[in-house]
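To start, the structure under review is shown below, and the notes come after it.
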Amino acid sequence: SGSSVLIQGENGTGKELVARAVHRHSNRADKLFLAKNCAAIPDQLLESELFGHEKGSFTGASFERKGIFEEADGGTLFLDEISEMPMGLQAKLLRVLQEGEVQRVGSNEVIPVDVRIISSTNRDLQKEVQQNNFRKDLYFRLNVIPVFLPALRERRDDIPLLAEHFLKKYSEKLGVSVLGISEDGMRWLVSQNWDGNVRELENTIERAVVMATKNVLDAAAFAPMEALVDNPGELDLNMGEITIHEMEKRLILSTLKRYDNNRTRSADSLGISIRTLRNKLNEYRLSDPELSQMIDR
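Structure follows, in structure tokens:
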């Protein structure tokens, strides 16, 4: 089907994974799947990102450029955080969906496109419509096939399966021999609220695997990073020759390496604030040149 799909759910529930799965099982599977986060691009640039622009159409437009609609022609376009799209641009998106054609910024020419739209939001889009923050006609165009992803705390029976999946994934990826999760460890995982949903669970399992000192993870292995950072002396972990500070340092460095030294994403993955991460880097006397050298190893 080429019908539009609207995926609603909290942050971290796996909306893009669902969008990719819908694409893989569609008759467009052999075509491109492209994604664009509407909240991550300044309003004044989003129109150009979506529809393209002609050379000289605005300051800095030194060459013509295709928009993502043209690039995704024949395939699927995933518009993440659609609720953050400005009202004026919502009207232009509606026209594209109605007419099946785009018009680049600075051009009068219309270009036909055949793109399936899958959009997502962490907001109640129907409520946004009622509050006049989102166009009703666009909402109905996007919401042909609605998908709601419940929060992880509302489907706790899925947690053991997900935890085992992530354990296997990161044990293999990191080359660590972690065989399983103990009963008390699994009880701890199931008991948590997981405000960050599947993404937070995955980060927690990855962190535990990185820091594992035993081949079975118990409840203590899942201690939040904030506890490790704020009270390292209070954690009773058998680390042999490796100190808790050294483990913490290794964890921070491995996370920075995974995210190409992007501190914002690294702090998010570690479950700490960017300020806490900066403080830890200062504590371990890791300057930017030293970091780059250690991460490149």
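Residues in the sequence shown are numbered consecutively from 21, following my numbering. Note that the Cβ used here is the ideal one computed from N, Cα and C, for glycine as well. None of the values given here were measured: they were computed from a predicted structure.
**Prompt:** How would you write the range of the alpha helix (DSSP H) that Thr233 sits in, first residue to last?
**Reply:** No alpha helix (DSSP H) holds Thr233; DSSP gives it neither H nor E.
**Message:** Taking the straight line between their C-alpha atoms, what separation do you get for Arg227 and Leu271?
**Reply:** Their backbone Cα atoms lie some 8 Å apart in a straight line.
**Helix, strand or coil at Asn223 [DSSP, three-state]** = helix
**Prompt:** What are the start and end residues of the alpha helix (DSSP H) that includes Val149?
**Reply:** From DSSP, the alpha helix (DSSP H) with Val149 extends over Leu145 to Gln150.
**Message:** Would Tyr159 and Val149 qualify as a contact pair, given that the criterion is a beta-carbon distance under 8 Å?
**Reply:** yes
**Request:** Quick one: residues in its chain with C-beta nearer than 7 Å to the C-beta of Val196, no 5 flanking neighbours on either side, listed in chain order?
**Result:** Val229 and Ala232
**Request:** Pull up the distance between the alpha-carbon of Val164 and that of Val122, whole angstroms please.
**Result:** Taking the straight line from one Cα to the other gives about 21 Å.
**Asked** Can you list, in chain order, the residues of its chain whose CB lies under 7 Å from that of Arg40, leaving out five sequence neighbours each side?
**Response** Phe53
**Asked** In its own chain, which residues sit with a C-beta less than 6 Å from the C-beta of Val116, not counting the 5 before and 5 after it?
**Response** Val122
**Request:** Would you kindly check if the distance between the Cβ of Leu209 and the Cβ of Phe242 is under 8 Å?
**Result:** yes
**Message:** What does the Cβ neighbour count give for Ala59, buried or exposed, with the cut at 16 atoms within 10 Å?
**Reply:** exposed
**Prompt:** Beta-carbon separation of Gly108 and Ser77 under 8 Å?
**Reply:** no
**Prompt:** In chain order, which beta strand (DSSP E) runs of at least 3 residues are fully inside the region 81-163?
**Reply:** 96-100, 121-123, 130-132 and 136-141
**Asked** Is Leu199 helix, strand or coil when you go by DSSP?
**Response** coil
**Item:** Neighbour-count burial assignment, Gly80, 16 or more Cβ in a 10 Å radius
**Value:** exposed
**Prompt:** What runs of the beta strand (DSSP E), each 3 residues or longer, lie entirely inside the region 25-82?
**Reply:** 25-29 and 53-57
**Item:** alpha helix (DSSP H) runs wholly inside the region 267-313, at least 4 long, in chain order
**Value:** 283-290 and 294-303
**Prompt:** In three-state DSSP terms, what is Pro170?
**Reply:** coil
**Message:** Output needed for Arg298: all residues of its chain with C-beta closer than 6 Å, excluding positions within five of it in sequence on either side, in chain order.
**Reply:** none
**Closest residue to Ala171 among Arg155, Val218 and Arg85 (Cα-Cα distance)** = Ranking the options by Cα distance to Ala171, first place goes to Val218.
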